[in-house]
Amino acid sequence: MDIGENTLQAVLRETQEETGLALPGESVEYYDSLYVRDGDFDIEWHMFATKLNDRPTVTISPHEHSDYRWVTPEEALEMDLIHDLAESIRLFYQR
112 MDIGENTLQA
122 VLRETQEETG
132 LALPGESVEY
142 YDSLYVRDGD
152 FDIEWHMFAT
162 KLNDRPTVTI
172 SPHEHSDYRW
182 VTPEEALEMD
192 LIHDLAESIR
202 LFYQR
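The opening position of the sequence shown corresponds to residue 112 in the numbering used here, with each subsequent residue numbered one higher.
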């Protein structure tokens, strides 16, 4: 989060910066958060949800990502994900 941002503003900004998607704030709902430890760092993961009518065109930030793909939660859990992301997926989808 940038100084002065709340979590919703941060997720909307980060989503647009990293994917090119400008989501309307009223379509994004806060779900939950998790606290995780990654080495010497404590991180709070904030989880949000939105519904998409279709698969929009995604333009990833080449400075932050090299690729993306649409997958099911089950497929995501089989992937090599960032630290503790699998736990967030399990919590969100209750798997």
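Don't be surprised by glycine CBs; every beta carbon is placed ideally from N, CA and C.
Can you tell me whether Y204 is helix, strand or coil according to DSSP?
Position 93 of the sequence shown, counted from the start, is the residue given in the question as residue 204. Reduced to three states, the DSSP call for Y204 is helix.
Please return the same chain residues whose Cβ sits closer than 6 Å to the Cβ of V122, not counting the five positions on each side in sequence.
Translated into the one-based positions of the sequence shown, residue 122 becomes position 11. Contacts found: F159.
To the nearest angstrom, report how far apart D61 and N164 are at their CA atoms.
As shown, the chain starts at 112 and ends at 206. That puts residue 61 outside it, with no answer to give.
With a threshold of 16 other CB atoms inside 10 Å of the CB of S199, please say whether the residue is buried or exposed.
Taking the sequence shown and counting its residues from 1, one reaches residue 199 at position 88. S199 comes out buried.
Provide the residue span of the alpha helix (DSSP H) that contains V122, from first to last.
Numbered from its first residue, the sequence shown carries residue 122 at position 11. 118-130 is the span of the alpha helix (DSSP H), which, as asked, contains V122.
Specify the secondary structure class of E189 as computed by DSSP and reduced to three states.
As a working note, residue 189 is residue 78 in the sequence shown. Of the three classes helix, strand and coil, the one that applies to E189 here is coil, per DSSP.
Under the assumption that V169 contacts L132 (Cβ atoms under 8 Å), give the Cβ distance between them as a whole number of angstroms.
Locating residue 169 in the sequence shown gives position 58, where the first residue counts as 1. Locating residue 132 in the sequence shown gives position 21, where the first residue counts as 1. Right, their Cβ atoms sit about 7 Å apart.
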